[in-house]
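Reviewing the structure listed below.
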Amino acid sequence: MDRIKRLSYEVLDTHKSKFGEDFADNKKVLDQVSIVRSKGLKNEVAGYITKFIKKEIREEKQKQAQIEASKAEQQELQAEVKPEVTETTEAPVEATETTEASAAETTETAE
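Numbering of the sequence shown is given in the working numbering, commencing with residue 409 and proceeding in unit increments.
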(Lines of atoms letter the chains of each structure in order from A and count residues from 1; the text may use other names and numbers.)
(Lines give C-alpha, C1' and ligand atoms only; values in the text may rest on other atoms or scores of the structure.)
Protein backbone atom coordinates (compact mmCIF):
# COMPACT_ATOMS: atom_id res chain seq x y z
CA MET A 1 0.00 0.00 0.00
CA ASP A 2 2.85 2.40 0.73
CA ARG A 3 4.13 1.85 -2.79
CA ILE A 4 0.73 2.79 -4.24
CA LYS A 5 0.53 5.94 -2.12
CA ARG A 6 4.07 6.97 -2.97
CA LEU A 7 3.58 6.49 -6.70
CA SER A 8 0.23 8.28 -6.59
CA TYR A 9 1.65 11.27 -4.74
CA GLU A 10 4.57 11.50 -7.16
CA VAL A 11 2.19 11.63 -10.12
CA LEU A 12 -0.20 14.03 -8.36
CA ASP A 13 2.62 16.43 -7.46
CA THR A 14 3.36 17.10 -11.10
CA HIS A 15 0.03 16.46 -12.87
CA LYS A 16 -2.75 16.99 -10.33
CA SER A 17 -4.81 19.29 -12.56
CA LYS A 18 -5.22 16.53 -15.17
CA PHE A 19 -6.95 14.09 -12.80
CA GLY A 20 -10.61 14.09 -11.80
CA GLU A 21 -13.27 12.00 -10.10
CA ASP A 22 -13.67 9.42 -12.88
CA PHE A 23 -11.61 6.23 -12.58
CA ALA A 24 -11.55 5.46 -16.33
CA ASP A 25 -10.40 8.97 -17.20
CA ASN A 26 -7.73 8.80 -14.50
CA LYS A 27 -6.44 5.53 -15.99
CA LYS A 28 -6.10 7.20 -19.39
CA VAL A 29 -4.33 10.21 -17.91
CA LEU A 30 -2.01 7.90 -15.98
CA ASP A 31 -1.09 6.18 -19.26
CA GLN A 32 -0.26 9.56 -20.79
CA VAL A 33 1.87 10.96 -17.95
CA SER A 34 3.71 7.84 -16.79
CA ILE A 35 4.78 4.37 -17.80
CA VAL A 36 3.16 1.64 -15.71
CA ARG A 37 3.75 -1.80 -17.17
CA SER A 38 1.58 -3.78 -14.80
CA LYS A 39 -2.16 -3.53 -15.41
CA GLY A 40 -2.91 -4.28 -11.75
CA LEU A 41 -0.51 -1.62 -10.49
CA LYS A 42 -1.93 0.94 -12.91
CA ASN A 43 -5.47 0.17 -11.73
CA GLU A 44 -4.48 0.47 -8.07
CA VAL A 45 -2.68 3.79 -8.61
CA ALA A 46 -5.57 5.18 -10.67
CA GLY A 47 -8.02 3.99 -8.02
CA TYR A 48 -6.05 5.59 -5.21
CA ILE A 49 -5.80 8.86 -7.14
CA THR A 50 -9.56 8.81 -7.76
CA LYS A 51 -10.26 8.15 -4.08
CA PHE A 52 -7.85 10.91 -3.06
CA ILE A 53 -9.41 13.49 -5.41
CA LYS A 54 -12.95 12.61 -4.27
CA LYS A 55 -11.88 12.94 -0.63
CA GLU A 56 -10.38 16.38 -1.27
CA ILE A 57 -13.55 17.57 -2.99
CA ARG A 58 -15.74 16.23 -0.18
CA GLU A 59 -13.60 17.93 2.49
CA GLU A 60 -13.68 21.21 0.57
CA LYS A 61 -17.48 21.07 0.44
CA GLN A 62 -17.62 20.42 4.19
CA LYS A 63 -15.36 23.39 4.87
CA GLN A 64 -17.54 25.63 2.71
CA ALA A 65 -20.65 24.41 4.54
CA GLN A 66 -19.03 25.14 7.91
CA ILE A 67 -18.03 28.62 6.78
CA GLU A 68 -21.56 29.34 5.57
CA ALA A 69 -23.03 28.01 8.82
CA SER A 70 -20.75 30.18 10.93
CA LYS A 71 -21.64 33.24 8.82
CA ALA A 72 -25.33 32.48 9.34
CA GLU A 73 -24.80 32.16 13.09
CA GLN A 74 -22.98 35.49 13.20
CA GLN A 75 -25.81 37.17 11.30
CA GLU A 76 -28.35 35.69 13.72
CA LEU A 77 -26.35 36.93 16.69
CA GLN A 78 -26.14 40.40 15.17
CA ALA A 79 -29.88 40.35 14.52
CA GLU A 80 -30.51 39.43 18.17
CA VAL A 81 -28.30 42.28 19.40
CA LYS A 82 -30.11 44.94 17.33
CA PRO A 83 -33.56 44.52 19.01
CA GLU A 84 -31.96 44.96 22.43
CA VAL A 85 -30.56 48.31 21.30
CA THR A 86 -33.99 49.51 20.14
CA GLU A 87 -35.50 48.51 23.47
CA THR A 88 -32.96 50.69 25.28
CA THR A 89 -33.73 53.65 23.05
CA GLU A 90 -37.44 53.30 23.84
CA ALA A 91 -36.88 53.54 27.59
CA PRO A 92 -35.70 57.20 27.63
CA VAL A 93 -38.67 58.18 25.43
CA GLU A 94 -41.04 56.86 28.09
CA ALA A 95 -39.07 58.67 30.78
CA THR A 96 -39.43 62.02 28.99
CA GLU A 97 -43.18 61.51 28.67
CA THR A 98 -43.35 60.80 32.38
CA THR A 99 -41.28 63.89 33.09
CA GLU A 100 -43.62 66.03 30.98
CA ALA A 101 -46.63 64.60 32.80
CA SER A 102 -45.11 65.30 36.20
CA ALA A 103 -44.18 68.81 35.04
CA ALA A 104 -47.80 69.38 34.03
CA GLU A 105 -48.96 68.14 37.44
CA THR A 106 -46.51 70.47 39.13
CA THR A 107 -47.83 73.41 37.10
CA GLU A 108 -51.42 72.51 37.98
CA THR A 109 -50.65 72.32 41.69
CA ALA A 110 -48.81 75.63 41.53
CA GLU A 111 -51.85 77.40 40.09
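No residue lacks a Cβ here, since even glycine has one placed at the ideal position from N, Cα and C.
Alpha carbon to alpha carbon, how far is residue i from residue j?
i: isoleucine 411; j: leucine 449; result: Isoleucine is not the amino acid found at residue 411; the sequence shown has arginine there. When rounded, the distance between both Cα atoms is 10 Å.
i: alanine 454; j: lysine 426; result: 12 Å
i: lysine 436; j: isoleucine 443; result: 11 Å
i: arginine 351; j: aspartate 433; result: Residue 351 is absent from the structure shown; the chain starts at 409 and stops at 519.
i: methionine 409; j: glutamine 474; result: 33 Å
On a Cα-Cα basis, can you pick out the residue from the options that is closest to residue i?
i: arginine 466; options: Val437, Glu452, Ser478, Gly428; result: Gly428
i: valine 419; options: Ile457, Asn451, Glu452, Ala432; result: Ile457
i: threonine 422; options: Leu438, Lys447, Gln474, Ser446; result: Leu438
i: phenylalanine 431; options: Lys471, Glu468, Asn451; result: Asn451
Given a threshold of 16 other Cβ atoms within 10 Å of its Cβ, counted over all protein chains shown, does residue i qualify as buried or as exposed?
i: serine 416; result: buried
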